[in-house]
Amino acid sequence: MNVIYLSLEKFGIGNIGLAIIIFTLVMRILLFPTSLNQQKSSRMMQIMQPELKAIQDKYKNKTDNASMMAQQEEMKAVYEKYGTSMTGGCLPLLLQMPIIFALYRIIMNIPAYVPHVYTIYENVLTAIGGSSAAQKLVDFATNNNMKSILTQLHNLGIGENVSYTADQIGNFIIDFLYKLNPSQWTALQGVFTNPNATAAIQKAAEESAHINNFLGINLSTAPSALGFVPNVYWIIPILAGVLQYLSAKLMSTQNAAMADGNDQS
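Going by our numbering, the sequence shown opens with residue 1, and the numbers climb by one from there.
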């Protein structure tokens, strides 16, 4: 992720949204072989289904050990006939899941994986007094009804007499700052009266708006933060949902067509 961001920055495009898209595309390409195997296995199951069902019907209501063993052997023979196995469709998914979880972790914690982005918020951390500013930020999150941040604060025990090192609190503050939207950055300037802190916050707000701007949409602003009213920020989740639906619909149609072709043959 850091390599992609730095490469974009060399061309004057230091943009998190574009970096995430390229990073996702790269990972999708790397995972394509396992995805292809999973799709092939799924389609093969559609072809095999009539034969497997016939075996299940043949031994229906037969619970004796000999019948159960015979059923397993016949089903195993069907899998061998088509060159697959009962776990063939699960293995690619098991390989992909750890990678997908890792991707989610990276995307949700960009500063930890992109040093240049980390530096933007580290400058604010230094200007506001480091870890000693934690309680002020807790109060700020409370006053601004930042529910997700407050939940994280509660889970970590910050502000509740739980001991953390200065580095741990500092890293949390940087994660906290990264999640602020433009209006929250403006509000944060009123929390600290130190001119150096105010200047650092203003500069970070400008840089944050630049790196999080994608096609005119600030990626740090969640649609729900603006209320359930029509706004441009709802485009991304709606578009993602539509594309996911179309993808599932297309896959279902292809599988149904393949199953019909197998029945006719």
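Just so you know, even glycine gets a beta-carbon here, dropped at the ideal spot from N, CA and C.
**Prompt:** Under 9 Å between the Cβ atoms of leucine 125 and alanine 133?
**Reply:** Cβ distance < 9 Å, so leucine 125 and alanine 133 count as in contact.
**Request:** State buried or exposed for phenylalanine 228, treating a residue as buried only when at least 16 other CB atoms are found within 10 Å of its CB.
**Result:** Any answer about phenylalanine 228 is weak, because its pLDDT of 45 lies below 50 and its placement is not dependable; what the coordinates show is given next. Taking a 10 Å sphere around the C-beta of phenylalanine 228, we find fewer than 16 other C-beta atoms and assign the residue as exposed.
**Message:** Check whether the region 140-148 and the region 97-116 are in contact - that is, three or more C-beta pairs closer than 8 Å.
**Reply:** Not touching, per the Cβ criterion.
**Message:** Given this structure, state the Cα-to-Cα distance separating leucine 226 from methionine 97, to the nearest angstrom.
**Reply:** Caution applies to leucine 226, whose pLDDT of 47 falls short of 50 and renders its modelled position unreliable; the model cannot decide the point.
**Prompt:** Count the other CB atoms within 10 Å of the CB of alanine 240; is the residue buried (16 or more) or exposed (fewer)?
**Reply:** Its Cβ having fewer than 16 others within 10 Å, alanine 240 is exposed.
**Request:** Reducing DSSP to helix, strand and coil, say where phenylalanine 214 ends up.
**Result:** Phenylalanine 214: strand per DSSP, three-state reduction.
**Prompt:** Quick one: what's got a C-beta closer than 8 Å to asparagine 123's C-beta in the same chain, skipping five residues either side?
**Reply:** Only Ala200, Lys203, Ala204 meet the Cβ criterion.
**Message:** Using only the alpha-carbon positions, how far apart do valine 138 and glutamine 38 sit?
**Reply:** About 46 Å.
**Asked** Quick one: what does DSSP say aspartate 64 is sitting in, helix, strand or coil?
**Response** DSSP, reduced to helix, strand and coil, places aspartate 64 outside both helices and strands of the structure shown, so it counts as coil.
**Request:** Give the range of the alpha helix (DSSP H) segment to which lysine 179 is assigned.
**Result:** Premise fails: lysine 179 is in no alpha helix (DSSP H) and is neither H nor E.
**Request:** Within 10 angstroms of the Cβ of valine 3, are there 16 or more other Cβ atoms? Answer buried if so, exposed if not.
**Result:** Exposed, by the Cβ-count rule.
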